[in-house]
Amino acid sequence: MKAIINWLIEPYHIVRSEFQTFASLKKQESTPKEEKMRIYQLQVFNILLLVVYSLFFIAFFVYIGMIFIVKWYALSGIIVGLVMMSVIKFIQKKRYLKRRNAFIKNDPTLIES
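So, in structure tokens, the structure goes:
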């Protein structure tokens with residue numbers, strides 16, 4: 001049960017740690033203004049990603065509740081919610097985190113493989 005809960009709330013933990021990382025980067029005096037602007041862009045991206053994930057997260061539980069009312073028709077909403085949450089997590093973990101530092105520094109050679 002704990003593994004399922006951790007899977008569902010993992011994007012929230014990632015975004016929280018990202019905001020802590022961004023806060024420390026912005027506080028450094030050696031960070032140029034262009035990099036601070038890119039950090040703000042990444043913060044907005046993280047917020048929007050979390051909003052979209054939250055919509056599917058809430059819909060997932062709404063459809064679980066609806067399964068008792070409309071029976072198996074609500075199963076389609078549960079499946080779509082799980083697929084979309086998995087896609088968002090994949091984008092966040094496999095794409096975004098590998099390219100974050102390259103975007104901040106504006107250097108494509110920093111993309112992690």
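Under full-length UniProt numbering, think of the first position of the sequence shown as 1, with each following residue one higher. Even glycine gets a Cβ: it sits at the ideal position worked out from N, Cα and C. Owing to the predicted nature of the structure, the values given are computational and were not obtained by experimental measurement.
Close-in-space but distant-in-sequence residues of the same chain around residue i (CB under 7 Å, 5 per side omitted)
{"i": "Pro11", "result": "Leu50, Tyr53, Ile88, Lys89 and Gln92"}
Which of helix, strand or coil DSSP assigns to residue i
{"i": "Ile111", "result": "coil"}
{"i": "Pro11", "result": "helix"}
{"i": "Met1", "result": "coil"}
N- and C-terminal bounds of the alpha helix (DSSP H) containing residue i
{"i": "Ile104", "result": "Leu97 to Lys105"}
{"i": "Tyr53", "result": "Lys33 to Val70"}
{"i": "Ser30", "result": "From DSSP, Ser30 is part of no alpha helix (DSSP H); its letter is neither H nor E."}
{"i": "Ile79", "result": "Leu75 to Phe90"}
Close-in-space but distant-in-sequence residues of the same chain around residue i (CB under 6 Å, 5 per side omitted)
{"i": "Met66", "result": "Ala74"}
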